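J.:
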Amino acid sequence: MLKRYIYLILALFFIPLALFGRGAKEEPATTAYLTVYAYDSFVSEWGPGPAIVKEFEQKSGIKVNLVSSGTGGQLLTRLVLEKSKPKADVVIGITNELLHETYAEDLLISYESEALKDIPSFLHFDPKYTLLPFNYGNYAFVYDSQKVKEPPKSFDDLLDPKWKKSLILIDPRTSNVGMGLLQWTIAVYKEEYLKWWEAVKPNVLTIADGWSSGYGLFTQGEAPLVISYTTSPIYHIMNEGTERYQATLFDSGNLGVIEGAGILKSSKNIEQAKEFIDFLLTDAQLEIAVANVMYPVNEKVELPDAFDWAPKANPSLFLDSEEIAQFRDKWLNEWTEVVSR
Amino acid sequence: MKLRKGGIADSGSILQSSSFYKIVGTPSVLLLALLFMVPLLFILTKAFVGEDKTFTLSRVFLLAKDPYTWRILRFTLFQAFISTVVSILIALPGAYLLANYTFLGKKLIKAISVIPFVLPSILVVLGFVIFYGNSGLLNQLLMALFKLEEPPLKILYTFKAVIAAHAFYNFPIALALISTFWEQLPSRYNDAAMTLGAKKLTIFRTITLPRLIPPILSASTLIFLFCFSSFAILLVLGGGPRFTTLEVEIYRRARMLLDLEGAASLSLLSIVVNIILVGVYIWTQRLVAHQEEIELIDQKRLIRREKSVLIKILIFIYLAFSSLFVLGPLGGIVYRSFTAPVSRGGKVGFTLRWYKELFGSSQVSSSIMGVAASALLLSFVIAFLASFVGLVFSTLLSSRLRNQKGRYSLSLELFAMLPMAVSSVIIGLGYLLISNWLNPSHLGSRALVVLAHVVIISPFVLRTVLPEYRKISFSYTQASLTLGANVRQTFWFVELPLLRSALITAFAFGFALSIGELNATLTLADSSLVTLPIIIYRLIGSYNFAGACALGTILILICAVVFFVSELVKRGEIK
Numbered sequence: 001m002l003k004r005y006i007y008l009i010l011a012l013f014f015i016p017l018a019l020f021g022r023g024a025k026e027e028p029a030t031t032a033y034l035t036v037y038a039y040d041s042f043v044s045e046w047g048p049g050p051a052i053v054k055e056f057e058q059k060s061g062i063k064v065n066l067v068s069s070g071t072g073g074q075l076l077t078r079l080v081l082e083k084s085k086p087k088a089d090v091v092i093g094i095t096n097e098l099l100h101e102t103y104a105e106d107l108l109i110s111y112e113s114e115a116l117k118d119i120p121s122f123l124h125f126d127p128k129y130t131l132l133p134f135n136y137g138n139y140a141f142v143y144d145s146q147k148v149k150e151p152p153k154s155f156d157d158l159l160d161p162k163w164k165k166s167l168i169l170i171d172p173r174t175s176n177v178g179m180g181l182l183q184w185t186i187a188v189y190k191e192e193y194l195k196w197w198e199a200v201k202p203n204v205l206t207i208a209d210g211w212s213s214g215y216g217l218f219t220q221g222e223a224p225l226v227i228s229y230t231t232s233p234i235y236h237i238m239n240e241g242t243e244r245y246q247a248t249l250f251d252s253g254n255l256g257v258i259e260g261a262g263i264l265k266s267s268k269n270i271e272q273a274k275e276f277i278d279f280l281l282t283d284a285q286l287e288i289a290v291a292n293v294m295y296p297v298n299e300k301v302e303l304p305d306a307f308d309w310a311p312k313a314n315p316s317l318f319l320d321s322e323e324i325a326q327f328r329d330k331w332l333n334e335w336t337e338v339v340s341r
Numbered sequence: 342m343k344l345r346k347g348g349i350a351d352s353g354s355i356l357q358s359s360s361f362y363k364i365v366g367t368p369s370v371l372l373l374a375l376l377f378m379v380p381l382l383f384i385l386t387k388a389f390v391g392e393d394k395t396f397t398l399s400r401v402f403l404l405a406k407d408p409y410t411w412r413i414l415r416f417t418l419f420q421a422f423i424s425t426v427v428s429i430l431i432a433l434p435g436a437y438l439l440a441n442y443t444f445l446g447k448k449l450i451k452a453i454s455v456i457p458f459v460l461p462s463i464l465v466v467l468g469f470v471i472f473y474g475n476s477g478l479l480n481q482l483l484m485a486l487f488k489l490e491e492p493p494l495k496i497l498y499t500f501k502a503v504i505a506a507h508a509f510y511n512f513p514i515a516l517a518l519i520s521t522f523w524e525q526l527p528s529r530y531n532d533a534a535m536t537l538g539a540k541k542l543t544i545f546r547t548i549t550l551p552r553l554i555p556p557i558l559s560a561s562t563l564i565f566l567f568c569f570s571s572f573a574i575l576l577v578l579g580g581g582p583r584f585t586t587l588e589v590e591i592y593r594r595a596r597m598l599l600d601l602e603g604a605a606s607l608s609l610l611s612i613v614v615n616i617i618l619v620g621v622y623i624w625t626q627r628l629v630a631h632q633e634e635i636e637l638i639d640q641k642r643l644i645r646r647e648k649s650v651l652i653k654i655l656i657f658i659y660l661a662f663s664s665l666f667v668l669g670p671l672g673g674i675v676y677r678s679f680t681a682p683v684s685r686g687g688k689v690g691f692t693l694r695w696y697k698e699l700f701g702s703s704q705v706s707s708s709i710m711g712v713a714a715s716a717l718l719l720s721f722v723i724a725f726l727a728s729f730v731g732l733v734f735s736t737l738l739s740s741r742l743r744n745q746k747g748r749y750s751l752s753l754e755l756f757a758m759l760p761m762a763v764s765s766v767i768i769g770l771g772y773l774l775i776s777n778w779l780n781p782s783h784l785g786s787r788a789l790v791v792l793a794h795v796v797i798i799s800p801f802v803l804r805t806v807l808p809e810y811r812k813i814s815f816s817y818t819q820a821s822l823t824l825g826a827n828v829r830q831t832f833w834f835v836e837l838p839l840l841r842s843a844l845i846t847a848f849a850f851g852f853a854l855s856i857g858e859l860n861a862t863l864t865l866a867d868s869s870l871v872t873l874p875i876i877i878y879r880l881i882g883s884y885n886f887a888g889a890c891a892l893g894t895i896l897i898l899i900c901a902v903v904f905f906v907s908e909l910v911k912r913g914e915i916k
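Chains A and B, in that order, are what the protein sequence lines are. Position one of the first sequence corresponds to residue 1 (our numbering), numbered consecutively onward. Position one of the second sequence corresponds to residue 342 (our numbering), numbered consecutively onward.
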């Protein structure tokens with residue numbers, strides 16, 4: 001009786017195996033190609049990766065192997081873990097925040113691309129040009145215009161009791177957006193930032209672990225205000241055709257985050273890598289901006305109308321990366337102490 | 342040799358000397374060692390590397406001295422304990438009903454209750470918020486019914502919400518493990534006690550409950566370990582950093598501070614704590630393990646149609662409760678997948694748009710033909726392979742563990758449980774190392790993903806099969822050997838058929854766990870390998886929550902079907 005089952009099980013086992021094998025035949029040709037590490041959402045079907053790689057391959061004849069390497073912070077970790085056996089030629093997506101750590105690992109070469117002349121100087125975050133800016137955004141509070149008629153214009157406004165349990169914030173210990181908010185308060189209040197965090201507590205509905213859950217709660221209508229990006233409304237306009245969700249600028253300015261790309265010292269295809277970086281800073285700019293829902297760095301890019309819904313920060317605030325590296329742990333400890341009280 | 346209950350000592354020298362039982366555990370041990378232990382040890386040794394790259398214990402000492410570490414450890418243990426107790430308490434009445442009565446919709450309950458288990462935790466959070474949230478479906482319904490201005494139920498963003506979400510996520514494990522075991526307990530002791538005049542409650546307390554301890558402990562350990570490393574649910578639904586677990590701290594060090602050494606030392610601490618707990622559990626489990634005679638479920642001893650009204654009412658209440666509790670948040674996900682803004686002002690209405698986009702029948706700028714369909718197929722294949730291999734390996738390992746007692750097999754059992762005791766952030770780093778070392782080809786990286794899934798699901802499969810295996814009386818094995826069968830034949834034709842029910846449950850669980858797995862797949866696979874959870878993760882990351890819910894709905898459907906079919910197979914309705 002059991003024998004009958006065994007054949008059945010074996011049959012069931014081999015059918016998927018056959019399908020599995022079939023899917024594996026699309027192996028790329030083994031010409032020398034550029035290996036590019038990027039964060040996962042860049043690489044995904046919904047990210048800019050697939051389209052720009054195709055365009056680049058057609059234009060230059062250089063094959064590109066785009067590799068997903070998890071979230072932003074993981075990129076650098078991966079490069080460090082792979083130091084003894086490096087695979088990547090180009091890395092895409094290390095932010096200005098991690099400049100100090102990137103210097104310390106000494107992984108990248110300096111490359112002053114031609115394209116930099118079209119990029120405004122406030123975005124040149126790496127004076128050594130090991131990381132070149134390709135994409136940037138500003139953190140902002142996004143509000144639900146059905147519930148909020150007068151959006152807050154400053155951190156002080158957010159302390160108003162009328163916002164009781166109305167804010168969704170994000171934890172800086174587990175998310176870059178959360179870290180951005182913490183740094184933004186530091187950029188605005190300097191030494192006094194903890195006072196704001198103490199005072200805002202009654203107005204906070206929850207502090208989510210990441211942008212995804214925080215923004216998910218917000219669009220679900222749990223609270224009318226969430227920390228996100230100035231560019232967030234663009235998505236809703238372009239994909240859902242609704243103007244319901246809007247971003248508010250703060251008078252003090254909004255913290256900026258710049259994503260950089262760089263070429264690895266270990267690369268054996270430096271020239272091709274430079275060509276790819278140039279492409280990233282010029283022809284690929286529109287595709288990246290639209291798919292990432294962020295601003296392009298290149299001033300010459302003509303943006304779709306939906307970008308009118310993303311107000312430009314005035315000014316874009318940045319903390320010094322040395323300062324960030326030095327105090328990050330201390331800030332997080334103090335923050336945890338105050339917020340979990 | 343020491344004599345134990347059931348008497349392994351007298352079970353014959355054939356069993357002890359048989360090479361069959363000695364080697365059957367080897368494949369799973371090897372796989373665990375290569376894919377899990379080696380990279381893990383490599384990462385963990387970083388805990389002992391000082392600033393000047395030499396060996397130091399100072400990092401570990403410093404950590405052990407920090408009162409903050411102990412505070413979060415205490416809280417981590419506390420919330421995991423409460424969550425476990427609550428999950429078991431919710432599961433027990435259900436397990437009783439499932440094991441002892443037959444009623445309409447029974448199979449459906451079993452199938453549905455397991456679904457939360459396969460969902461990525463971010464979808465669980467979303468589902469909870471959509472249903473129980475301040476502007477969730479439940480509150481909207483109540484506000485409409487009673488014409489209220491304010492949402493009446495403020496359940497979320499408290500500690501209670503965390504426990505509820507943990508229970509939602511985990512009680513299905515307890516329900517499945519306990520009821521599978523319970524169904525096959527011979528009723529003769531109960532009958533004897535009844536004949537002797539014992540009350541039903543006394544029988545339950547003194548006969549049934551003690552015999553149920555093995556599956557209860559088994560389920561508790563799994564649930565405890567799950568909650569121990571809880572992360573998103575705790576932070577979001579708990580309302581923020583007041584509720585911090587060790588896992589959050591490990592994440593913070595590894596990902597935000599890029600302090601791998603610090604993350605490794607914290608992880609070491611949590612592994613030690615978990616190993617002690619699991620060790621205690623395995624030890625207790627052995628003390629209380631009885632050899633029972635399994636009754637084959639085909640014999641339908643349990644099929645009892647209850648005439649009493651009280652039981653009918655109880656069944657009804659439990660059904661209503663579990664539907665609300667489990668179906669509510671699941672329904673929330675389904676609901677969201679069918680809604681979209683329909684006006685510029687953002688009013689929402691019914692739509693099939695997300696499904697059309699996923700399956701490529703409507704072309705939108707950001708969708709690609711058939712992404713979801715191919716991911717669906719791929720996920721299915723991976724889950725099938727992984728759960729099959731996992732089942733084979735774990736069954737072989739169980740067979741070895743049953744036939745061997747003593748310190749060696751205790752450490753082997755602990756070893757097999759390890760993947761559950763280690764933080765997923767640390768495991769993720771381990772996978773990075775593996776893929777860098779092996780530098781797999783296209784096909785190789787797929788095989789690696791399947792094997793990683795095998796490692797991840799093995800503790801579950803083992804915990805489902807092993808208690809059942811231990812229940813098989815050695816006298817069956819002996820009888821078979823005496824009658825002339827060799828050890829191999831005994832394994833295939835005597836032991837395996839007795840395990841049928843547990844094997845099916847284990848397979849279904851393994852399948853569910855694998856089809857919902859995200860972390861390892863994301864790290865190990867090259868970007869062409871796209872599974873359902875990866876698409877869900879990517880959709881959510883690019884604002885498309887409704888699309889993610891649509892895929893979540895598909896995941897829910899697949900798992901409901903798999904569990905439903907497994908129940909049918911178990912009962913012999915499909916042969």
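From the three backbone atoms N, C-alpha and C, an ideal C-beta is built for every residue, glycine too. These numbers come from a predicted model, not from an experiment.
Nearest CA to the CA of Ile612 (chain B): which residue from B:Leu494, B:Arg552, B:Leu759?
T.: Mapped onto the second sequence, residue 612 (chain B) falls at position 271. Ranking B:Leu494, B:Arg552, B:Leu759 by Cα distance to Ile612 (chain B) puts B:Leu759 first.
J.: What is the rounded straight-line gap between the Cα of Leu732 (chain B) and the Cα of Lys911 (chain B)?
T.: Your numbering for residue 732 (chain B) matches position 391 in the second sequence. Your numbering for residue 911 (chain B) matches position 570 in the second sequence. The alpha-carbon atoms of Leu732 (chain B) and Lys911 (chain B) are separated by roughly 16 Å.
J.: Which of the three DSSP states, helix, strand or coil, is assigned to Glu259 (chain A)?
T.: For the purposes of this step, residue 259 (chain A) is identified with residue 259 of the first sequence, where counting begins at 1. Three-state DSSP puts Glu259 (chain A) in a strand.
J.: Please state the DSSP three-state secondary structure of Ala208 (chain A).
T.: Sequence index remark: in the first sequence, residue 208 (chain A) carries index 208 (1-based). Reduced to three states, the DSSP call for Ala208 (chain A) is strand.
J.: Can you find a CB in chain A that lies within less than 8 Å of the CB of Met484 (chain B)?
T.: As a position in the second sequence, residue 484 (chain B) is number 143, starting the count at 1. So no, Met484 (chain B) is outside the interface.
J.: Does the count of Cβ pairs from the region 804 to 823 of chain B and the region 564 to 581 of chain B closer than 8 Å reach three?
T.: As far as the Cβ criterion goes, the region 804 to 823 of chain B does not touch the region 564 to 581 of chain B, which means the pair count is below three.
J.: For a contact meaning CB atoms closer than 7 Å, what does Ala681 (chain B) contact in chain A?
T.: Taking the first residue of the second sequence as 1, we reach residue 681 (chain B) at position 340. Going along chain A in sequence order, the residues near Ala681 (chain B) (Cβ under 7 Å) are Glu240.
J.: Check the Cβ of Ile881 (chain B) against every Cβ in chain A and list those closer than 8 Å, keeping chain order.
T.: In the second sequence, the residue the question calls residue 881 (chain B) occupies position 540. The answer, in chain order, is Ser212, Gly216.
J.: How about the region 535 to 542 of chain B and the region 441 to 453 of chain B: do they share at least three Cβ pairs that are nearer than 8 Å?
T.: no
J.: State the CB to CB distance for the pair Lys387 (chain B) and Leu601 (chain B), rounded to an integer number of angstroms; the pair is presumed to be in contact (CB under 8 Å).
T.: For this step, residue 387 (chain B) is matched to residue 46 along the second sequence. For this step, residue 601 (chain B) is matched to residue 260 along the second sequence. Right, their Cβ atoms sit about 5 Å apart.
J.: Quick check on this structure: which residue in B:Glu836, B:Thr894, B:Thr585, B:Ile723 has the alpha carbon closest to the alpha carbon of Leu693 (chain B)?
T.: Locating residue 693 (chain B) in the second sequence gives position 352, where the first residue counts as 1. If we check each option's Cα against that of Leu693 (chain B), B:Thr894 comes out closest.
J.: Does the Cβ-Cβ distance between Ile431 (chain B) and Gly673 (chain B) come in under 8 Å?
T.: In the second sequence, residue 431 (chain B) corresponds to position 90, counting from 1. In the second sequence, residue 673 (chain B) corresponds to position 332, counting from 1. No, they are not a contact pair.
J.: For Ser476 (chain B), return the contacting residues in chain A, with the cut-off set at a CB-CB distance below 8 Å.
T.: Within the second sequence, residue 476 (chain B) is the residue found at index 135, counting from 1. Residues of chain A passing the Cβ test: Gln220, Gly221, Glu222.
J.: Assuming Asn96 (chain A) contacts Phe327 (chain A) under a Cβ cut-off of 8 Å, what Cβ separation, rounded to an integer in Å, is found between them?
T.: Start at 1 with the first residue of the first sequence, and residue 96 (chain A) comes out as number 96. Start at 1 with the first residue of the first sequence, and residue 327 (chain A) comes out as number 327. So it is not a contact: roughly 16 Å between Cβ atoms.
J.: What residue does the alpha helix (DSSP H) around Leu870 (chain B) start on, and which one ends it?
T.: Counting from 1 along the second sequence, the entry for residue 870 (chain B) is found at position 529. Taken as a continuous stretch (DSSP letters only), Leu870 (chain B) belongs to no alpha helix (DSSP H), as it is neither H nor E.
J.: Just tell me which of A:Lys85, A:Asp89, A:Asn203 has its CA closest to the CA of Ser267 (chain A).
T.: In the first sequence, counting from the first residue as 1, residue 267 (chain A) sits at position 267. The candidate whose alpha carbon is nearest that of Ser267 (chain A) is A:Asp89.
J.: Please classify Ala539 (chain B): does DSSP put it in a helix, a strand, or coil?
T.: The sequence position of residue 539 (chain B) within the second sequence is 198, counting from 1. The answer is coil: DSSP assigns Ala539 (chain B) none of H, G, I, E or B.
J.: Below 8 Å on the Cβ atoms is my guess for Phe852 (chain B) versus Ser728 (chain B); work out the distance and round it to an integer in Å.
T.: Numbered from 1 along the second sequence, position 511 holds the residue referred to as residue 852 (chain B). Numbered from 1 along the second sequence, position 387 holds the residue referred to as residue 728 (chain B). With a contact defined as Cβ atoms closer than 8 Å, Phe852 (chain B) and Ser728 (chain B) qualify at about 4 Å.
J.: Any chance you could list the beta strand (DSSP E) runs of at least 3 consecutive residues sitting entirely within the region 71 to 119 of chain A, in chain order?
T.: 90 to 95
J.: Excluding sequence positions up to five away, which residues of its chain have a Cβ less than 6 Å from the Cβ of Glu26 (chain A)?
T.: For this step, residue 26 (chain A) is matched to residue 26 along the first sequence. Any reading at Glu26 (chain A) must be qualified, since the residue scores a pLDDT of 41, below 50, and its modelled position is unreliable; the value itself is stated next. So no residue of the chain qualifies.
J.: Mapping the DSSP letters down to three states, classify Ser765 (chain B) as helix, strand or coil.
T.: One-based indexing of the second sequence puts residue 765 (chain B) at position 424. The answer is helix: DSSP assigns Ser765 (chain B) an H, G or I state.
J.: Name the chain A residues whose beta carbon is nearer than 7 Å to that of Pro582 (chain B)?
T.: Within the second sequence, numbered from 1, the residue matching residue 582 (chain B) stands at position 241. Within 7 Å Cβ-Cβ: Asp171, Ile207, Thr336, Val339, Ser340.
J.: With 7 Å as the limit, tell me which residues of the region 563 to 590 of chain B have their beta carbon closer than that to any beta carbon of chain A; keep them in chain order.
T.: Residues Phe572, Ala573, Leu576, Val577, Gly580, Gly581, Pro582, Arg583, Thr585, Val589.
J.: How many whole angstroms separate the CB atoms of Ser855 (chain B) and Ala724 (chain B), which I take to be in contact at a CB cut-off of 8 Å?
T.: One-based indexing of the second sequence puts residue 855 (chain B) at position 514. One-based indexing of the second sequence puts residue 724 (chain B) at position 383. Indeed they touch by this definition, with Cβ atoms about 4 Å apart.
J.: How should Leu870 (chain B) be labelled, buried or exposed, when 16 other C-beta atoms within 10 angstroms of its C-beta is the threshold for buried?
T.: The residue you call residue 870 (chain B) lines up with position 529 of the second sequence. It counts as buried.
J.: Since Ser175 (chain A) and Pro582 (chain B) are thought to touch, with beta carbons under 8 Å apart, how far apart are those beta carbons, to the nearest angstrom?
T.: One-based indexing of the first sequence puts residue 175 (chain A) at position 175. One-based indexing of the second sequence puts residue 582 (chain B) at position 241. With a Cβ gap of about 12 Å, Ser175 (chain A) and Pro582 (chain B) do not count as contacting.
J.: Whose C-alpha, out of B:Gly366, B:Pro555, B:Phe679, is nearest the C-alpha of Cys890 (chain B)?
T.: Along the second sequence, one-based indexing puts residue 890 (chain B) at 549. Here the closest residue by C-alpha is B:Phe679.
J.: Please report the distance separating the alpha-carbon of Val64 (chain A) from that of Thr130 (chain A).
T.: Working through the first sequence from its first residue, we reach residue 64 (chain A) at position 64. Working through the first sequence from its first residue, we reach residue 130 (chain A) at position 130. Cα-Cα distance, rounded: 21 Å.
J.: Out of curiosity, what's the CA-to-CA distance linking Lys501 (chain B) and Leu205 (chain A)?
T.: Locating residue 501 (chain B) in the second sequence gives position 160, counting from the first residue. Locating residue 205 (chain A) in the first sequence gives position 205, counting from the first residue. Using only the alpha carbons, I get a separation of about 15 Å.
J.: Can Gly857 (chain B) and Pro874 (chain B) be called in contact, C-beta distance under 8 Å?
T.: Position 516 of the second sequence, counted from the first residue, corresponds to residue 857 (chain B). Position 533 of the second sequence, counted from the first residue, corresponds to residue 874 (chain B). Contact flag set, yes.
J.: Listing by chain order, which chain B residues have their CB less than 9 Å from the CB of Thr77 (chain A)?
T.: Mapped onto the first sequence, residue 77 (chain A) falls at position 77. Listed along chain B, the residues sitting closer than 9 Å to Thr77 (chain A) by beta-carbon distance are Ala595, Arg596, Leu599, Leu601, Leu770, Leu773.
J.: Examine chain A for any beta-carbon lying closer than 8 Å to the beta-carbon of Tyr530 (chain B), and answer yes or no.
T.: Position 189 of the second sequence, counted from the start, is the residue given in the question as residue 530 (chain B). For Tyr530 (chain B), the answer is no, since every Cβ of chain A falls outside 8 Å of its Cβ.
J.: Three Cβ pairs or more, each shorter than 8 Å: is that satisfied between the region 146 to 162 of chain A and the region 573 to 587 of chain B?
T.: no
J.: What are the residues that DSSP puts in a beta bridge with Gly690 (chain B)?
T.: By 1-based counting over the second sequence, the position of residue 690 (chain B) is 349. Paired residue(s): B:Ala681.
J.: For Asn333 (chain A), does the count of other Cβ atoms within 10 angstroms reach 16, so buried, or fall short, so exposed?
T.: Counting from 1 along the first sequence, the entry for residue 333 (chain A) is found at position 333. Answer is exposed; the Cβ neighbour count stays below 16.
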